[in-house]
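Chains as they are written, first to last, in the working numbering: chain C, 3 to 115; chain W, 9 to 120.
Even glycine gets a Cβ: it sits at the ideal position worked out from N, Cα and C.
Being a predicted model, the structure only gives us computed values, none of them experimental.
Have a look at the structure below, then the notes.
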Amino acid sequence: DTEVTQTPKHLVMGMTNKKSLKCEQHMGHRAMYWYKQKAKKPPELMFVYSYEKLSINESVPSRFSPECPNSSLLNLHLHALQPEDSALYLCASSQDAPADTQYFGPGTRLTVL
Amino acid sequence: QKEVEQNSGPLSVPEGAIASLNCTYSDRGSQSFFWYRQYSGKSPELIMFIYSNGDKEDGRFTAQLNKASQYVSLLIRDSQPSDSATYLCAVNALGGTYKYIFGTGTRLKVLA
Chain C
3 DTEVTQTPKH LVMGMTNKKS LKCEQHMGHR AMYWYKQKAK KPPELMFVYS
53 YEKLSINESV PSRFSPECPN SSLLNLHLHA LQPEDSALYL CASSQDAPAD
103 TQYFGPGTRL TVL
Chain W
9 QKEVEQNSGP LSVPEGAIAS LNCTYSDRGS QSFFWYRQYS GKSPELIMFI
59 YSNGDKEDGR FTAQLNKASQ YVSLLIRDSQ PSDSATYLCA VNALGGTYKY
109 IFGTGTRLKV LA
């Protein structure tokens, strides 16, 4: 089973709202990732958690706040977003970090009004 | 700057033909290479990974790796209209940055 789940599938929020994206995997993977993808562009890495610790933050604005409550769950808390933050947000996981295959969830389509 | 390059396409092939997708990378330390298929509006789906020089076959798909020339390719035999998608090449350096470097993707169109 190589399933990564994400909720919600779609999210529309105003610039003053606070919302959270959720990601879950039960493959025993120890690395989890958040990506942002704009139309016709490749996924852009935002954060990497390795063994529940934040190991990479790709200079993401503080209005995005990741959280890894346990090895199976990954959240992305959103606050005071801008319309340009509208994108497909992808979660992925891998067995361990460096060279392992990453499996992507279905994504959350975020629209910021 | 570590880079992965792909021709953006679209690459158009007739149904039943072989589609050849190419990817070059700049970091000689790269150890793992991945091909993902992404349909419009969907998430990337892993097709194949390859670590060693040579060919690796899985059904209609063959990945080819040449580390000396720093390229990796994906061949799709007997192409079907359902193969029409964007194909992303990703490269990961062992012991390096814990992250993929993605190419920009090649859009493939299989014409019925």
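Keeping to the same chain, check which residues put their C-beta closer than 8 Å to that of Met56/W; ignore five residues upstream and five downstream.
-> The residue given as residue 56/W occupies position 48 in the second sequence. For Met56/W, same chain residues with a beta-carbon under 8 Å away, outside a window of 5 residues either side, are Phe42, Trp43, Lys64, Asp66, Phe69, Ala71, Leu82 in chain order.
Residue from Glu46/C, Leu76/C, Lys24/C, Leu47/C with nearest C-alpha to Arg32/C = Position 30 of the first sequence, counted from the start, is the residue given in the question as residue 32/C. The candidate whose alpha carbon is nearest that of Arg32/C is Leu76/C.
Inside the stretch 19 to 72 of chain C only - alpha helix (DSSP H) runs reaching at least 4 residues = Runs of the alpha helix (DSSP H) inside the stretch 19 to 72 of chain C: none found.
Three-state class that DSSP yields for Pro22/W in the structure shown = By 1-based counting over the second sequence, the position of residue 22/W is 14. Reduced to three states, the DSSP call for Pro22/W is strand.
Asp102/C by DSSP, collapsed to three states: which one?
-> In the first sequence, the residue the question calls residue 102/C occupies position 100. Three-state DSSP puts Asp102/C in coil, outside helix and strand.
Three-state secondary structure assigned by DSSP to Ser81/W = Translated into positions along the second sequence, residue 81/W becomes position 73. Of the three classes helix, strand and coil, the one that applies to Ser81/W here is strand, per DSSP.
Mind the definition here: the stretch 11 to 18 of chain W touches the stretch 12 to 27 of chain C only if three or more C-beta pairs lie below 8 Å; say whether that holds.
-> no
Out of curiosity, what's the CA-to-CA distance linking Cys70/C and Ser60/W?
-> By 1-based counting over the first sequence, the position of residue 70/C is 68. By 1-based counting over the second sequence, the position of residue 60/W is 52. About 34 Å.
Three or more C-beta pairs below 8 Å linking the stretch 57 to 67 of chain C and the stretch 18 to 37 of chain W | no
Mind listing which residues of the stretch 105 to 118 of chain W have their C-beta closer than 7 Å to chain C's C-betas, in chain order?
-> Tyr106, Lys107, Tyr108, Phe110, Gly111, Thr112, Gly113
Taking 7 Å as the cut-off, decide whether the C-beta atoms of Leu47/C and Leu112/C are in contact.
-> Counting from one through the first sequence, the residue named residue 47/C turns up at place 45. Counting from one through the first sequence, the residue named residue 112/C turns up at place 110. Using a Cβ distance threshold of 7 Å, Leu47/C and Leu112/C do not count as a contacting pair.
Closer than 7 Å at the beta carbon, the chain D residues around Thr103/C | The structure shown contains no chain D; its protein chains are C and W.
Residue range of the unbroken beta strand (DSSP E) whose run includes Ala7/W | Absent from the structure is residue 7/W, since the part of chain W shown begins at 9 and ends at 120.
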